[in-house]
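Colleague:
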Amino acid sequence: MLRLSDVTYLVLDHDEAITFFVDALGFVVREDETNESGRRRVVVGPADGGTGFVLAVTDDVGAAGAVGRQAGGKVAFFLETDDFAAQHARMTAAGVRFREEPRHEVYGTVAVFEDLYGMPWDLIEPPAQG
Numbered sequence: 014m015l016r017l018s019d020v021t022y023l024v025l026d027h028d029e030a031i032t033f034f035v036d037a038l039g040f041v042v043r044e045d046e047t048n049e050s051g052r053r054r055v056v057v058g059p060a061d062g063g064t065g066f067v068l069a070v071t072d073d074v075g076a077a078g079a080v081g082r083q084a085g086g087k088v089a090f091f092l093e094t095d096d097f098a099a100q101h102a103r104m105t106a107a108g109v110r111f112r113e114e115p116r117h118e119v120y121g122t123v124a125v126f127e128d129l130y131g132m133p134w135d136l137i138e139p140p141a142q143g
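Going by my numbering, the final residue of the sequence shown carries number 143, and the count climbs one at a time with no gaps.
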């Protein structure tokens, strides 16, 4: 078996990123530890499991320009839900900026939203199987 456990996600500040992922996206903090050298490791992800994000504050000035553009302006992350309307309403109330109104495609109900740095994501509910 192979499974993608965690992926690195560049951020400018741990605490503002935690607030976005927890309050706006509904994720949970899976790990928040600081080691003896002062390096902080923060991992967030969906409460029900799946791939987590290791929130990495970049200390490389050149890499800081990649924050929010980690996918070159394309949608890199697809946040799947089984209740699009409820998640869309919750996220909108939490201040998440959607770039478009929800639309219905053959692959499901979808709308593009932005993370705290302006990077596009999809919120998507696949069609019911049956």
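A virtual CB, placed ideally from N, CA and C, is assigned to each residue, including glycine.
I need the boundaries of the alpha helix (DSSP H) containing Phe33, first residue and last residue.
Modeller: Taking the first residue of the sequence shown as 1, we reach residue 33 at position 20. No alpha helix (DSSP H) holds Phe33; DSSP gives it neither H nor E.
Colleague: What would DSSP say about Asp28, mapped onto helix, strand or coil?
Modeller: In the sequence shown, the residue the question calls residue 28 occupies position 15. Reduced to three states, the DSSP call for Asp28 is helix.
Colleague: So the candidates are Thr64, Glu44, Ala30; which of them puts its Cα closest to the Cα of Leu15?
Modeller: Mapped onto the sequence shown, residue 15 falls at position 2. Per the Cα distances, Thr64.
Colleague: Whose C-beta lies closer than 6 Å to the C-beta of Glu138 among residues of the same chain, with five residues either side of it excluded?
Modeller: Working through the sequence shown from its first residue, we reach residue 138 at position 125. Result list for Glu138: Thr94, Phe97, Gly121, Thr122, in chain order.
Colleague: For Val109 and Gln142, I'd like the C-alpha separation in whole angstroms.
Modeller: Looking up residue 109 in the sequence shown gives position 96. Looking up residue 142 in the sequence shown gives position 129. For Val109 and Gln142, the distance between alpha carbons rounds to 29 Å.
Colleague: With 16 other CB atoms within 10 Å as the buried threshold, where does Asp128 fall?
Modeller: Against the sequence shown, residue 128 aligns to sequence position 115. Classification for Asp128: buried.
Colleague: Just to confirm before moving on: does the CB-CB distance between Ala37 and Met104 stay below 8 Å?
Modeller: Position 24 of the sequence shown, counted from the start, is the residue given in the question as residue 37. Position 91 of the sequence shown, counted from the start, is the residue given in the question as residue 104. Going by C-beta atoms, Ala37 is nearer than 8 Å to Met104.
Colleague: Pop quiz: Ala69 and Leu17 are said to be a contact at Cβ under 8 Å. What is the actual Cβ separation, rounded to whole angstroms?
Modeller: By one-based count along the sequence shown, residue 69 stands at place 56. By one-based count along the sequence shown, residue 17 stands at place 4. So it is not a contact: roughly 16 Å between Cβ atoms.
Colleague: Out of Gln100, Gly81, Arg53, Val88, point me to the one whose CA is closest to Pro59's CA.
Modeller: Indexing the sequence shown from 1 puts residue 59 at position 46. Looking at the Cα atoms, Gln100 is the closest of the given residues.
Colleague: Taking the alpha helix (DSSP H) that Thr105 falls in, what are its first and last residues?
Modeller: Within the sequence shown, the letter at position 92 stands for residue 105. Taken as a continuous stretch (DSSP letters only), the alpha helix (DSSP H) holding Thr105 covers 97–106.
Colleague: Express the C-alpha separation of Asn48 and Ala89 in angstroms, rounding to a whole number.
Modeller: In the sequence shown, counting from the first residue as 1, residue 89 sits at position 76. In the sequence shown, counting from the first residue as 1, residue 48 sits at position 35. Taking the straight line joining both Cα atoms gives about 30 Å.
Colleague: List in chain order: all unbroken beta strand (DSSP E) runs of 3+ residues lying wholly within the region 42–71.
Modeller: 53–58, 65–70
Colleague: What does Phe91 pair with, by DSSP beta-bridge criteria?
Modeller: Your numbering for residue 91 matches position 78 in the sequence shown. DSSP output for Phe91 lists Asp135 as bridge partner(s).
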